[in-house]
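Peer 1: Right, I'll just put the structure down here and ask away after.
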Amino acid sequence: MNVTRVPGPPAVLEAEWETHRPAVFGVAYRLLGSVADAEDVAQDVWLRAAGADLRDIVDLRAWLVTVAARRSYDVLKSARVRRETYVGPWLPAPLLTGPDASEAVLVDESVGSAMLLVMEELSPPERVAFILHDVFGLEFSRIADVLDASAPAARQLASRARRKVAEARQSTLRTSRAERERLLAAFRAAYEAGDLAGLVRLLHPEAVYVTDGGGRVATARKLVHGGARIARLMVGVWLRWRPDRIELVEVGGEPALLHRRGAHVFSVDTVEIEDGRITEYRRVLNPEKIAHV
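Residues 3 to 295 (this note's numbering) are what the sequence shown spells out, left to right.
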């Protein structure tokens, strides 16, 4: 474990904060799936740290991550209630992670849209225990403090979450980055050409199309099933809402497509791939979720 003893003066804290802020933001984003909420949590943690006596803190990173997790846990519990009234499918807010990313974050598969959706299936305590232990390496005693539980209970929560995540991973075949980029480039070309047959070839016959507009923009409020049906729908969307350009970007550590109209982002799209075809196409259009992109 890296040990960081902080004497306490604001100037020292500010220097340390720049080092540890990615971890603070990273734990909040993984727990909440929202860039805006993660930013709010990071700001809360900074204010808490700035007003605290940190001279006896041995491991500042662990302390900051624990504070962020505790605040995120509170937000997560209320967010689950809000999502019961969310209009249409819910998708995590896309986080740019390429060289032009606006927010530094520790990148691994746990920030990918597929894994964040798996996390949504966990209970809030399971999600906290799994992220803090398996991703950030915190001891179960610290995790227990966040969850107001015993260390053995926290260990059991992490173990249960780990089994659920492993089961979900088994049903998702990993595709190389090169193959994802190739398929997305082909999809973009067919989409821009309004090539219905080309889109059908790229979509799995049992593909699923998921759109998150949050009731803020006109979009499908239910899942659309079937490659041919999705292709027809997308051609119609292209003809009606044609973007000025479509860019290949990196979201959550994976290739994705970003649609722009002028200087504004219209949507951010991620995919799941199996045997060279798209099995799930996810499109985030909710302006609140892409305003930061």
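Glycine residues also receive a C-beta, built at the ideal position from the N, C-alpha and C atoms.
As the structure is a computational prediction, the values presented were derived from the model and not from experiment.
From R184 to L108, what does the alpha carbon distance come to, in whole angstroms?
Peer 2: Going from the Cα of R184 to the Cα of L108 covers about 26 Å.
Peer 1: Do you know whose CA, among E181, R129, R176, R179, lies nearest A156's CA?
Peer 2: The shortest C-alpha separation from A156 is found at R129.
Peer 1: For V212, does the three-state DSSP call read helix, strand or coil?
Peer 2: V212: strand per DSSP, three-state reduction.
Peer 1: In chain order, what are the residue ranges of uninterrupted alpha helix (DSSP H) at least 4 long that sit wholly in the stretch 211-264?
Peer 2: Taking only runs of at least 4 residues, the alpha helix (DSSP H) segments lying wholly in the stretch 211-264 are 229-242.
Peer 1: Alpha carbon to alpha carbon, how far is L205 from E122?
Peer 2: When rounded, the distance between both Cα atoms is 25 Å.
Peer 1: Would the stretch 243-262 count as touching the stretch 163-174 if we require 3 or more Cβ pairs under 8 Å?
Peer 2: These segments do not touch.
Peer 1: In chain order, what are the residue ranges of uninterrupted alpha helix (DSSP H) at least 4 long that sit wholly in the stretch 9-71?
Peer 2: Counting whole runs of 4 or more residues, the stretch 9-71 contains the alpha helix (DSSP H) stretches 12-34, 37-52.
Peer 1: What residues in its chain sit with their C-beta under 7 Å from that of P9, if we drop five residues either side in the sequence?
Peer 2: No answer about P9 holds up, because its pLDDT of 44 lies below 50 and its placement is not dependable.
Peer 1: So, does the stretch 44-60 touch the stretch 80-100, judging by three or more C-beta pairs under 8 Å?
Peer 2: The stretch 44-60 vs the stretch 80-100: no contact.
Peer 1: Does the stretch 214-221 come within contact of the stretch 195-204, defined as at least 3 CB pairs closer than 8 Å?
Peer 2: Flag = no, the stretch 214-221 and the stretch 195-204 do not touch.
Peer 1: Quick one: using the 10 Å Cβ neighbour count with 16 as the cut-off for buried, is V5 buried or exposed?
Peer 2: Low confidence applies here, because V5 scores a pLDDT of 47, under 50, leaving its location unreliable; read the following figure in that light. Per the 10 Å Cβ criterion, exposed.
Peer 1: Within 10 angstroms of the Cβ of T87, are there 16 or more other Cβ atoms? Answer buried if so, exposed if not.
Peer 2: Result: exposed.
Peer 1: Does the Cβ of E301 have 16 or more other Cβ atoms within 10 Å, making it buried, or fewer, making it exposed?
Peer 2: Lying before the first or after the last residue shown, residue 301 is absent from the chain, which here runs from 3 to 295.
Peer 1: Please classify V29: is it buried, with 16 or more other beta-carbons within 10 angstroms of its beta-carbon, or exposed?
Peer 2: With 16 or more Cβ atoms within 10 Å of its Cβ, V29 is classed as buried.
Peer 1: Give every residue of the same chain whose Cβ lies closer than 8 Å to the Cβ of P11, excluding the five residues on either side of it in the sequence, and list them in chain order.
Peer 2: Confidence at P11 is low in this model, with a pLDDT of 48, below 50, so the placement of that residue is unreliable and no value is reported for it.
Peer 1: Which of helix, strand or coil does DSSP assign to E169?
Peer 2: Helix at E169.
Peer 1: Please name the residue in D277, L49, S143, G90 whose C-alpha comes closest to that of R285.
Peer 2: Looking at the Cα atoms, G90 is the closest of the given residues.
Peer 1: Keeping to the same chain, check which residues put their C-beta closer than 8 Å to that of V113; ignore five residues upstream and five downstream.
Peer 2: Cβ within range, chain order: G28, Y31, R32, L97, T99, V107, G254, G255.
Peer 1: May I ask you to list the residues that DSSP assigns as paired with H266?
Peer 2: Its beta-bridge partners are R263.
Peer 1: Do three or more CB pairs link the stretch 257-268 to the stretch 231-239 at distances below 8 Å?
Peer 2: With the cut-off at 8 Å, the stretch 257-268 and the stretch 231-239 do not touch.
Peer 1: On the criterion of 16 or more Cβ atoms from any shown chain inside 10 Å, does K79 qualify as buried, or is it exposed?
Peer 2: Classification for K79: exposed.
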